[in-house]
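Residue numbers (this note's numbering), protein chains in the order written: chain A, 13 to 352; chain B, 913 to 1036. Glycine is no exception: its CB is placed at the ideal position from the N, C-alpha and C atoms. Since this is a predicted model, take the numbers as computed values, not measurements.
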Amino acid sequence: MTHAATAPTLKMGIPIPNAKLGMWLFLGTEIMFFTAFIGTYIVMRMGSQGWPTDTHVTHINIALGGTNTFVLILSSYFVVVAHDALLGQHFAKAWRFLMYTTLLGFLFLGIKAVEYTGKFEHDILPGHIPENNRQAMDKVVNQFGVIMDRQLATAFPSQSKREEQKAELDSKIKDLTEKSGRTSQEDSELKKYTTLSKLNSEYVSLKEHVRSDYSLEVPYDRFDEIRKEANSASNYAPVTLDEVNKKVDDLTKDRDYAPLIAGLSPAHPILYGNLFASNYFLMTGFHAIHVIVGLFMFGLVLMKGSRLCIDDAILVENLGLYWHFVDLVWIFLFPLLYII
Amino acid sequence: MSDHGHDEHASHGATYFAVFLALCGLTAMSVAADVVHMTPILLGAVVLAVATAKALCVMMFFMHLKFERAWKYLLLAPTIILALALPLSLRPDIGETYYVPDVPQMRDYPEHQARQAQSGGGHH
């Protein structure tokens, strides 16, 4: 066997280590993977007149995106420094710089998390964004309905259907109103139930106005007669988003209602907002997954501690190649998502 | 970064640092391009050109492609051609049409535009 070790090894194919060839082939598939996302995003954006670009609307934060670009570039630089140090047999220095890289990777994810939180707070999520006035009004009604369901369920946990809860609410109010000599506790209970009942009427009225497409100026109690009229739809003004949003504003400013309807807010349409949000989360999400995978692998190398040696140079080089690729993807995502 | 005692390895430290500075400078350029008001098409062209320059810096120096042999073309050329297939095939249908797509989202588009013009917002 000894002569085999000294004989020149016959190696076919590309003159690089197999591991490195494997990494490059993998990166080839990654290029195709991300180009598909980035390319389709560019195509969709070009084909959608009125794409949301105002950062006040999309809640895109250029400062955070720019900081993250810098963080990734710095971490990429630290990887090459680490690899260089490894080749120069400065193993402690190599370990240190790999550690810096890992910390920067975590910082990147932290900043990303801050950005995602902002998106969640403003409900910039795929499928949650109204794109025209009708959808915005429907969203307000839907939000209101969810809140109303929650309030009624909290008040009457024993009933599961909205009609039963409403019936119980009415009977409670009736009982308490008719009762003579109410205690102060019963008084406050009556006030609570009356507020809830009025709020529910506001909700039902708003819902019916939006569903039937009548302006809020048309009184809800006339709806039954209006529906019997011929051409009723053309006799009355249609509901508008401004009216609905104003109504929401008024309700949230009301001191009695405000604590009950926390979370209800006016809705503003964002044309192609859902397509934007899908693209944003798909691309930045897959990129973040790649960062997490990279951090995991850096963790494996860092666990070697003082056992890090020259034999790890190829591993660190391959890991570096992967990390640079992750940086490369971000280099394109930053201008495309944050600036253009 | 002293190299004495390890003659077999010439450090690239200085080159790497220069590339790092170049990348930082280019990032600052794309942010500056956003601050300076210019037409959307020009802005797009500038920031994408800057991004391509950055990508080339990373690939050539950090990923050592400048120092690799011809296998890099063998590996990367087919990949890039295949990667472009999907966007290019979508382009005629979605990216470039003579009509405005007839989708419900567009129903309030004129109003939406008027509102944006009125508020003075919606730069780029």
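What Phe82 (chain A) touches in chain B, judged by beta-carbon distance under 7 Å, is Cys936, Thr939, going in chain order.
Going by beta carbons, Ser60 (chain A) and Leu331 (chain A) fall outside the 8 Å limit.
Comparing C-alpha distances from Lys259 (chain A) to each of A:Ile136, A:Gly306, A:Ile282, A:Leu218 shows the shortest one belongs to A:Leu218. Note on the segment 72 to 125 of chain A: whole alpha helix (DSSP H) runs with a minimum of 4 residues are 74 to 99, in chain order. Per DSSP, the continuous alpha helix (DSSP H) segment holding Pro952 (chain B) begins and ends at 952 to 969. Linking Leu121 (chain A) to Gly62 (chain A) through their CA atoms gives a straight-line distance of about 31 Å.
The C-beta separation of Leu935 (chain B) from Ile85 (chain A) comes to about 5 Å, placing the pair in contact by the 8 Å criterion. In the DSSP assignment, Glu220 (chain A) falls within the alpha helix (DSSP H) that extends over 196 to 224.
Going by DSSP, Pro999 (chain B) is part of the alpha helix (DSSP H) stretching over 983 to 1002.
By the beta-carbon neighbour count (other beta carbons within 10 angstroms, threshold 16), Ile273 (chain A) is buried. In this structure, DSSP gives Pro347 (chain A) a helical state, which the three-state scheme calls helix. Your pair Leu202 (chain A) and His1024 (chain B) does not check out as a contact, with CB atoms roughly 46 Å apart and the cut at 8 Å. Per the C-alpha coordinates, the member of A:Lys173, A:Tyr334, A:His71 positioned closest to Met160 (chain A) is A:Lys173. Annotation: Val256 (chain A) to Leu208 (chain A) spans about 20 Å, alpha carbon to alpha carbon. The three-state secondary structure of Val251 (chain A), taken from DSSP, is coil. For Lys966 (chain B), the neighbours in chain A by C-beta distance under 7 Å run, in chain order, Ile343. Close CB contacts of Tyr928 (chain B) within its chain, under the 8 Å cut and outside five residues either way in sequence, are with Phe973, Phe974 (chain order). Here the C-alpha atom of Met295 (chain A) lies approximately 31 Å from the C-alpha atom of Val158 (chain A). The beta carbon of Asn144 (chain A) is closer than 7 Å to those of Pro281 in its chain, skipping five residues each way along the sequence.
Counting C-beta pairs closer than 8 Å gives three or more between the segment 149 to 158 of chain A and the segment 210 to 226 of chain A, which meets the contact rule. Segment contact: the segment 298 to 314 of chain A against the segment 64 to 82 of chain A, fewer than three CB-CB distances shorter than 8 Å; contact not assigned. The beta carbon of Asp150 (chain A) sits closer than 8 Å to the beta carbons of Pro142, Val222 from its chain, once the five residues preceding and following it are set aside; these are given in chain order. Here Asn80 (chain A) is buried, its C-beta having at least 16 other C-beta atoms within 10 Å. Listed in chain order, the non-local C-beta contacts of Ala94 (chain A) below 6 Å within the same chain comprise Ala106, Phe109, Leu110, local neighbours out to five positions each way being set aside.
At a cut-off of 8 Å between C-beta atoms, Pro29 (chain A) does not count as an interface residue with respect to chain B. Using a 10 angstroms sphere on the CB of Pro990 (chain B), the tally of other CB atoms stays under 16, which defines it as exposed. In the three-state reduction of the DSSP assignment, Arg267 (chain A) falls in the coil class, being assigned neither a helical nor a strand state. Residues of the segment 1009 to 1035 of chain B that bring their beta carbon within less than 9 Å of a beta carbon in chain A comprise Thr1009, Val1012, Pro1013, Val1015, Pro1016, Gln1017, Met1018, Arg1019, Asp1020, Tyr1021, Glu1023, His1024, Gln1025, Gln1028, Gly1033, Gly1034, His1035, in sequence order. With a threshold of 16 other beta carbon atoms within 10 Å, Leu164 (chain A) meets it and is buried. The Cβ of Leu960 (chain B) sits closer than 8 Å to at least one Cβ of chain A. In the pairwise beta carbon analysis, the segment 935 to 954 of chain B is classified as not touching the segment 315 to 326 of chain A: fewer than three pairs are separated by under 8 Å.
Using a CB distance cut-off of 8 Å, Leu349 (chain A) does not count as an interface residue toward chain B. Just so you know, the alpha carbons of Asp339 (chain A) and Asp262 (chain A) end up roughly 48 Å apart.
Following the DSSP letters along the chain, one finds Ser183 (chain A) inside the alpha helix (DSSP H) bounded by residues 174 to 190.
For the pair Glu127 (chain A) and Asn73 (chain A), the CB atoms are nearer than the 8 Å cut-off.
For Met56 (chain A), the nearest CB of chain B lies under 8 Å from its own CB, placing it at the interface with that chain.
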